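Quick note on our numbering: the sequence shown kicks off at 27 and runs consecutively. Written out below as structure tokens is the structure these notes cover.
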Amino acid sequence: MQASIGQRIAATRRQQFIGRGTERDLLDSTLMAPDLPFSLLYLHGPGGVGKTTLLQSFIVLCDARGVPSFLLDARNIKASPDAFMDVLRTVLKLPASEDPVAFLRTVAERCVLFVDTFEMLDGMAVWLRDVLLPQISVNVLIVAAGRHPPATAWPFDSGWQAVFRAVRLQNFTQPESKAYLRQRNVPVGAHAAAFQFTHGHPLALSLLADLYAQSPHTGDLPVFSPEAAPPEVIHTLLKRFMDETPSGIKRSVLEVCALVRETNEALLDAILFPHRQDESPARSSGDAEDAGALFNWLRGLSFIASGPSGLFPHDIAREVLLADLRWRNPDWYVELHSRARLYYTRQLQQTSNAEHQKHLLYDCIFLHRDSEIVRTAFTWKEIPAIVADSPRPGDAAAIVAMVATHEGEESARIAGHWLTVQPEATLVFRDTNGSDEPIAFFSMLALHEMPATGITVDPATQTAWDFIARHGSLRSGEGATYLRFCMARDTYQQTSPLQSLLIVHALRHFLTQGHRLAYTFFCCRSTETWQSLFHYAGISRVPAEFTLDGHHYGVFGHDWRSTPLMAWIARMAEKEIDADSVYHALRKADSEARALPPTPAAPRLVLDATQFTTAVREALRDLNSPEQLGRNPLLRSRLVALPRYGTLSDTEAHVAALRAVLQSAAESLNGPNPRRQRGYRAVYHTYLAPASTQEEAAQLLDLPFSTYRRHLAEGITAVTENLWQKEIGET
27 MQASIGQRIA ATRRQQFIGR GTERDLLDST LMAPDLPFSL LYLHGPGGVG
77 KTTLLQSFIV LCDARGVPSF LLDARNIKAS PDAFMDVLRT VLKLPASEDP
127 VAFLRTVAER CVLFVDTFEM LDGMAVWLRD VLLPQISVNV LIVAAGRHPP
177 ATAWPFDSGW QAVFRAVRLQ NFTQPESKAY LRQRNVPVGA HAAAFQFTHG
227 HPLALSLLAD LYAQSPHTGD LPVFSPEAAP PEVIHTLLKR FMDETPSGIK
277 RSVLEVCALV RETNEALLDA ILFPHRQDES PARSSGDAED AGALFNWLRG
327 LSFIASGPSG LFPHDIAREV LLADLRWRNP DWYVELHSRA RLYYTRQLQQ
377 TSNAEHQKHL LYDCIFLHRD SEIVRTAFTW KEIPAIVADS PRPGDAAAIV
427 AMVATHEGEE SARIAGHWLT VQPEATLVFR DTNGSDEPIA FFSMLALHEM
477 PATGITVDPA TQTAWDFIAR HGSLRSGEGA TYLRFCMARD TYQQTSPLQS
527 LLIVHALRHF LTQGHRLAYT FFCCRSTETW QSLFHYAGIS RVPAEFTLDG
577 HHYGVFGHDW RSTPLMAWIA RMAEKEIDAD SVYHALRKAD SEARALPPTP
627 AAPRLVLDAT QFTTAVREAL RDLNSPEQLG RNPLLRSRLV ALPRYGTLSD
677 TEAHVAALRA VLQSAAESLN GPNPRRQRGY RAVYHTYLAP ASTQEEAAQL
727 LDLPFSTYRR HLAEGITAVT ENLWQKEIGE T
């Protein structure tokens, strides 16, 4: 007998069906049970996750078991009891005069009623739960599938608890995704990229497979990424996630949620309504309710989940929303990045709570998730049961053993030495679910606090100190730190949630101490693995390498005098947006770095306090002579190394910048303090708006010449002190 079109469609569906073994086993065991263990099985998940496909598979399973089944699609029903009863009568193939409830009440044999698109019946939920369903025979299993999680009245009602089961449909696992792509004849070499883009979302996988099938096959691997996906693919996925695509402020809410790690009400308020942040806290209640109402709307979407710090979209929804935004309005994408970064930066500046700082740093790094380099080296999955604290008396043996396992006995001896000499430099990470034994640690040594004899016990600190001596010794008030040891007990320095936590705590050290530091050093054994990440962060490889226990360690360093903390943060911010070009540029830089010996960038001119004082006096004297000022050593100092002053090769810009710095320092004296005020007036008439001679300046100020000279010396000293604090990073 000739097969029908419907049979051919069903056969294709069976052939392409992948996964869902747990859900199919659940239905199969339920169908075969002497008594139904539950009467309502509720499947839920976002659009495109495969709910309808699973119901079709369930129908095939019912046929195989000889269990009658009926499918009701709620998208075709007007949300009213009468309309529902009419469609139910049709689905059950009953005559127009027969009551479908009476039929279902008297069913003596097991059967299954499938209800798809159950979210369309939300307005009838009370009637279904309290009126219709309780009348149905215990021999009838109802399987409903919808986008939204079940309303709390279902699982929390003491009566329904016994007969209700909810199952959230997840994306395909990586093996399931690869099996599906193999079945669709997508080349194996493209499977990893397809999974990274789709996160196993079934509809997204299907669309990519269709895209490959419809494109000319040149022999090259297909490119699967949000940026490479055609707009129509992104649009199709968006339509499946959203009942209707929102516009205006709600679209922006979705875009913010897709951009940041987790969204809360305060963040929405700051990013979407930035003008409010500088206003009085006493805003109108209407304003305050805007962000709250938007947050509640976001919370109700089927593809939005709740985390410990707010809301976040499912992975594929995030990818699709951002891909659509970058394609549709790239300028707004850049603006949202800027606002999110500003919000996190302000929060970091306003809090001293270590736990809050940690979460904010995770948030900041998340803004770099478009970077292949960052994604490879960092994971945003937090480990809530991990605590970080100072070493305890019993930790030394575990820490030394950890180092011995991964780096060797001599390294372990050195680790024990630093644990004794600088115990405050070590941070220990413990798993609070079990024992308090260390599972990771790092040691951030303070080189500037070591005696000269102490530095030589470790080749790492010795080579770093030699580097500092060659490239500008530490000045009074400056420090240098060395992330000497950094490892997890079980995974050493492999990418993992624990390793990412170590990175976050190291960043927290820079944010809290960076303004006092001249240098920071890092050593790592797997130099090539970490080189891309260090280069991405603007941290150069330096000639301070060493060998220990047969292992060679590359060393990376950062001169905070050359690129101060806030300038470094600004440079990192630029990389959030143009991650792709940064990635390819750094790939090229890495290959060149491997081909050539590492050469550090030319260092800034580091002046000691005496040299600095002389340079300031000369700069004030030459303030109105660009040619003379262009030869002042301050032009190569940290004072004129800030990004807003351009590049060092632009001499005119730097002369102008030095003039601005000197004038600003002098103007800072012009205040209510009489002593500073008289110093300002002397500096003003001598350098800023100079009289012809110092004698004339004294006459303008109506002062004896000796008094004028004393006031001028006070002013110069105050200007010098102001600039020195900026130079060494203490302001």
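Glycine is no exception: its CB is placed at the ideal position from the N, C-alpha and C atoms. These figures come from a predicted structure and were not determined experimentally.
Check: Buried or exposed, going by whether 16 or more other CB atoms sit within 10 Å of the CB of HIS37?; Outcome: According to the sequence displayed, residue 37 carries Ala and not His. The residue in question, ALA37, is exposed, as its Cβ has fewer than 16 Cβ neighbours within 10 Å.
Check: With H, G and I counted as helix, E and B as strand and the rest as coil, what does DSSP make of VAL214?; Outcome: helix
Check: If we call anything under 7 Å between Cβ atoms a contact, is GLY71 one with ARG194?; Outcome: yes
Check: If you follow the alpha helix (DSSP H) that SER690 is in, where does it begin and where does it stop?; Outcome: 677 to 693
Check: How should VAL530 be labelled, buried or exposed, when 16 other C-beta atoms within 10 angstroms of its C-beta is the threshold for buried?; Outcome: buried
Check: Can you tell me which of PRO228, GLY576, LEU158 puts its alpha carbon nearest to the alpha carbon of GLN74?; Outcome: It is Gly, not Gln, that sits at residue 74 in the sequence shown. Minimum Cα distance to GLY74 is reached at PRO228.
Check: Specify, as a first and last residue, the run of the alpha helix (DSSP H) that LEU280 falls within.; Outcome: 275 to 285
Check: Under a Cβ-count criterion, where at least 16 other Cβ atoms within 10 Å of its own Cβ denotes burial, should LYS204 be classed as buried or exposed?; Outcome: buried
Check: What residue does the alpha helix (DSSP H) around ASP112 start on, and which one ends it?; Outcome: 107 to 117
Check: Starting from the C-beta of HIS382, find all residues in its chain whose C-beta is less than 8 Å away, skip the five residues before and the five after it, and write them out in chain order.; Outcome: GLN373
Check: On a CA-only basis, which of SER106, GLY92, PRO181, VAL279 is nearest VAL138? Give me that one, please.; Outcome: GLY92
Check: Starting from ILE168, follow the beta strand (DSSP E) in both directions and report where the run begins and ends.; Outcome: 166 to 172
Check: Could you please give me the residues that DSSP links to CYS550 through a beta bridge?; Outcome: GLY580
Check: Look at the Cβ atom of PHE582, then the Cβ atom of ARG597, and state whether they are nearer than 7 Å.; Outcome: no
Check: Considering only the beta carbon of each residue, do SER694 and ASN748 sit closer than 7 Å?; Outcome: yes
Check: Does PRO464 come out as helix, strand or coil in the three-state DSSP assignment?; Outcome: strand
Check: Grouping DSSP H, G and I as helix and E and B as strand, with all else coil, what is ARG657?; Outcome: coil
Check: For MET58, count the other beta carbons within 10 Å of its own beta carbon; 16 or more makes it buried, fewer makes it exposed. Which is it?; Outcome: exposed
Check: Could you give the residue range of the alpha helix (DSSP H) that holds LEU120?; Outcome: No alpha helix (DSSP H) holds LEU120; DSSP gives it neither H nor E.
Check: Measuring CB atoms only, is the segment 76 to 91 touching the segment 110 to 127, in the sense that at least three cross pairs come out at less than 8 Å?; Outcome: no
Check: When you compare the CB positions of LEU167 and LEU62, do they come within less than 7 Å of one another, or not?; Outcome: yes
Check: Starting from the C-beta of ILE481, find all residues in its chain whose C-beta is less than 8 Å away, skip the five residues before and the five after it, and write them out in chain order.; Outcome: LEU473, THR487, GLN488, TRP491
Check: Indicate whether the contact test is met: 3 or more Cβ pairs, each with one atom in the segment 518 to 537 and one in the segment 439 to 450, closer than 8 Å.; Outcome: no
Check: At the level of alpha carbons, what is the spacing between GLU554 and THR178?; Outcome: 52 Å
Check: Who are the Cβ neighbours of THR673 in its own chain at under 7 Å, not counting the five residues just before and after it?; Outcome: Confidence at THR673 is low in this model, with a pLDDT of 43, below 50, so its placement is unreliable and the value that follows should be read with caution. Excluding positions up to five away in sequence, the list is empty.
Check: How many Å lie between ARG352 and TYR710 at the Cα?; Outcome: 52 Å
Check: Bridge partners of VAL138, per DSSP?; Outcome: SER95, LEU167
Check: What residue from PHE223, ALA192, ALA188, TRP186 has the CA that sits closest to GLN200's CA?; Outcome: PHE223
Check: So, does the CB of THR677 fall closer than 7 Å to a CB anywhere in chain C?; Outcome: Checking the listed chains, one finds no chain C in this structure; it contains a single protein chain.
Check: If you count every other CB in all the chains shown that lies within 10 Å of the CB of PHE34, and 16 or more means buried, which is it?; Outcome: Going by the sequence as given, residue 34 is Arg instead of Phe. Its Cβ having fewer than 16 others within 10 Å, ARG34 is exposed.
Check: Using the rule of at least 16 other Cβ atoms within 10 Å of the residue's Cβ for burial, across every protein chain shown, is VAL157 buried or exposed?; Outcome: exposed
Check: CA-CA distance, ARG115 and MET150?; Outcome: 18 Å
Check: Measuring CB atoms only, is the segment 630 to 637 touching the segment 497 to 505, in the sense that at least three cross pairs come out at less than 8 Å?; Outcome: yes
Check: Based on Cα-Cα distance, which residue from HIS584, TYR706, ALA192, PHE96 lies nearest to PHE493?; Outcome: HIS584
Check: For the segment 454 to 468 against the segment 537 to 551, are there 3 or more C-beta pairs whose distance is under 8 Å?; Outcome: no
Check: Distance check for HIS432 and TYR518, CA to CA, integer angstroms please.; Outcome: 7 Å
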